[in-house]
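Undergrad:
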Amino acid sequence: MKIIADNGLYEVEYDSEHYDNLEVVRIDQICEITYVTMKNTLTGEVYTFEADKIRRFRKIMKLMPAAKENLVADNSSYSL
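For what it's worth, our numbering labels the leading residue of the sequence shown as 10, then goes sequentially.
(1) Could you check the C-alpha separation between residue 48 and residue 29 for me, to the nearest Å?
(2) Return the CA-CA distance between residue 18 and residue 54, expressed in angstroms with no decimal places.
(3) Looking only at DSSP bridge pairs, what is residue 30 linked to?
(4) Grab the span of the beta strand (DSSP E) containing residue 48 for me, first residue to last.
(5) Beta-carbon within less than 7 Å of residue 23's beta-carbon, same chain only, minus the 5 sequence neighbours each way: which residues are those?
(6) Between the alpha carbons of residue 56 and residue 68, how many angstroms are there, rounded?
Following this line, the structure appears as structure tokens:
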């Protein structure tokens, strides 16, 4: 099992079906077959695809991690 922390959204074409707004959850290799598990970020549905049967795999967006705001003053001159 390989855990992926890519933070991107993908679209996949698999067996003449189109899936979008997917994020990679994990990649497994079982008996020489690679499986890609993805989750739809809007509906919460989870799909597992055989990697060899994916016809199209395209990154549509890179998600940026939330920026943490530091509410503490840099030094004492900026303190109240």
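Virtual Cβ for every residue (Gly too), placed ideally from N, Cα, C. Treat the numbers as computed from the prediction; the structure is a model and nothing was measured.
TA: Reading it off the structure:
(1) If you number the sequence shown from 1, residue 48 lands on position 39. If you number the sequence shown from 1, residue 29 lands on position 20. Approximately 10 Å between the Cα atoms of the pair.
(2) Within the sequence shown, numbered from 1, the residue matching residue 18 stands at position 9. Within the sequence shown, numbered from 1, the residue matching residue 54 stands at position 45. About 14 Å.
(3) To locate residue 30, count along the sequence shown from 1; it is residue 21. In DSSP, residue 30 forms no bridge with anything.
(4) In the sequence shown, residue 48 corresponds to position 39, counting from 1. Note, residue 48: beta strand (DSSP E), 42 to 49.
(5) Indexing the sequence shown from 1 puts residue 23 at position 14. Here the set comprises 58, 62, 63 and 64.
(6) Residue 56 sits at position 47 when you count from the first residue of the sequence shown. Residue 68 sits at position 59 when you count from the first residue of the sequence shown. If you take the alpha carbons of residue 56 and residue 68, they lie about 17 Å apart.
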